[in-house]
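For the sequence shown, the working numbering assigns the number 2 to the initial residue and increments by one for each residue that follows.
For each residue, glycine too, the CB sits at the ideal point set by N, CA and C.
All figures in this text were calculated on a predicted structure; none of them were measured in a lab.
A short worksheet on the structure shown next.
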Amino acid sequence: MKRATSTPAGLNVKKITAYLKGQAKSRNAVRITCQSGSVYIITGYAAFKLPAILYRDVIQPVTMQDAPADGVTIVSSDAGFVVNDPHQLTAAQMFQKFSACKEEVKRTSILQEVEAKGKVWGTFRMFRNGSRPIMINSEYDAFVDHHEFVYHSSNSPFAPILATDTVDPKKAAVSVLIAPMKANDEIQQVCNRLFA
Numbered sequence: 002m003k004r005a006t007s008t009p010a011g012l013n014v015k016k017i018t019a020y021l022k023g024q025a026k027s028r029n030a031v032r033i034t035c036q037s038g039s040v041y042i043i044t045g046y047a048a049f050k051l052p053a054i055l056y057r058d059v060i061q062p063v064t065m066q067d068a069p070a071d072g073v074t075i076v077s078s079d080a081g082f083v084v085n086d087p088h089q090l091t092a093a094q095m096f097q098k099f100s101a102c103k104e105e106v107k108r109t110s111i112l113q114e115v116e117a118k119g120k121v122w123g124t125f126r127m128f129r130n131g132s133r134p135i136m137i138n139s140e141y142d143a144f145v146d147h148h149e150f151v152y153h154s155s156n157s158p159f160a161p162i163l164a165t166d167t168v169d170p171k172k173a174a175v176s177v178l179i180a181p182m183k184a185n186d187e188i189q190q191v192c193n194r195l196f197a
């Protein structure tokens, strides 16, 4: 059966699954916990809180196994996904720790190419909190349909972007947390002029 590209929750399932498969090739790079009707997924650059009902379509193609029991965390390993040490933080605890983003931020139409060693390293979507730019990898920005999500962050220059399916992040059934890239001085100056 062919999987849908997006879900009613506004998620791009193909992009998320492809991203998680890539991350799962590394040991301990993906942590998954099911808890109280939600599934939490933590990686180095993005984290997800989804209704547990989406496990089969979004996560099972990555883990190749049924959802873990409530409160149990599985992690990527050389042998597929294995149960994590129960004394370590669960993916749910980690998600809650990093997702304390309360201020609404604006997603702009600005895309910025970033070069490293003379080559284009990536394209980044510009978000803003006042005149402060927040750069998010455009691949990660495509995890959600921006028409269906509200974006949040905080005043910290390294605060992630939290995309939620509701205005109140605490009431969100679907949340995607994305790590930012720090804007350089040149981009900061341009944004100060653009967003002033």
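- Supposed contact pair I135 and V106 - C-beta distance, whole angstroms, cut 8 Å: The beta-carbon distance between V106 and I135, rounded to whole angstroms, is 7 Å. This is short enough to meet the 8 Å contact definition.
- Task: Quick one: which unbroken alpha helix (DSSP H) runs of 4-plus residues sit fully inside the segment 47-134? Chain order, please.
- Result: Within the segment 47-134, the runs of alpha helix (DSSP H) at least 4 residues long that lie entirely inside it are, in chain order, 61-64, 92-99.
- Task: Using 10 angstroms around the beta-carbon of V59, count the other beta-carbons present and answer buried if the total reaches 16, otherwise exposed.
- Result: Here V59 is buried: its Cβ has 16 or more other Cβ atoms, across all protein chains shown, within 10 Å.
- Task: If I'm right that Y141 touches I188 with Cβ under 8 Å, what's the distance once you round it to whole angstroms?
- Result: Between Y141 and I188 a beta carbon distance of about 18 Å is seen, past the 8 Å cut, so the two are scored as non-contacting.
- Task: Given a cut-off of 9 Å, decide if C102 and L163 are closer than it, judged by their beta-carbon atoms.
- Result: Taking C-beta atoms as the reference points, L163 and C102 count as a pair closer than 9 Å.
- Are the beta-carbon atoms belonging to G72 and Q97 less than 9 Å from one another? Taking 9 Å as the Cβ cut-off, G72 and Q97 do not qualify as a contacting pair.
- Could you check what DSSP says for R32 in three-state terms: helix, strand or coil? In the structure shown, R32 sits in a strand (DSSP, three-state: E or B).
- Message: Mapping the DSSP letters down to three states, classify V14 as helix, strand or coil.
- Response: Residue state, collapsed to three classes: helix.
- Task: For S132, I'd like the list of residues in its chain whose CB is within less than 7 Å of its CB, leaving aside the five on either flank, ordered along the chain.
- Result: Setting aside the 5 residues that flank it on each side, S132 is surrounded in the same chain by C192, N193, F196, A197, each with a C-beta closer than 7 Å to its C-beta; the list follows chain order.
- May I ask which residues mark the beginning and end of the beta strand (DSSP E) holding S139? That residue, S139, is in no beta strand (DSSP E); its alpha helix (DSSP H) goes 139-142.
- Query: So, helix, strand or coil for T164, using DSSP?
  - Reply: The sequence shown places Ala at residue 164, rather than the Thr named in the question. Three-state result, A164: strand.
- Query: Which residue comes first and which comes last in the alpha helix (DSSP H) that contains V191?
  - Reply: V191: member of the alpha helix (DSSP H) spanning 186-196, first to last residue.
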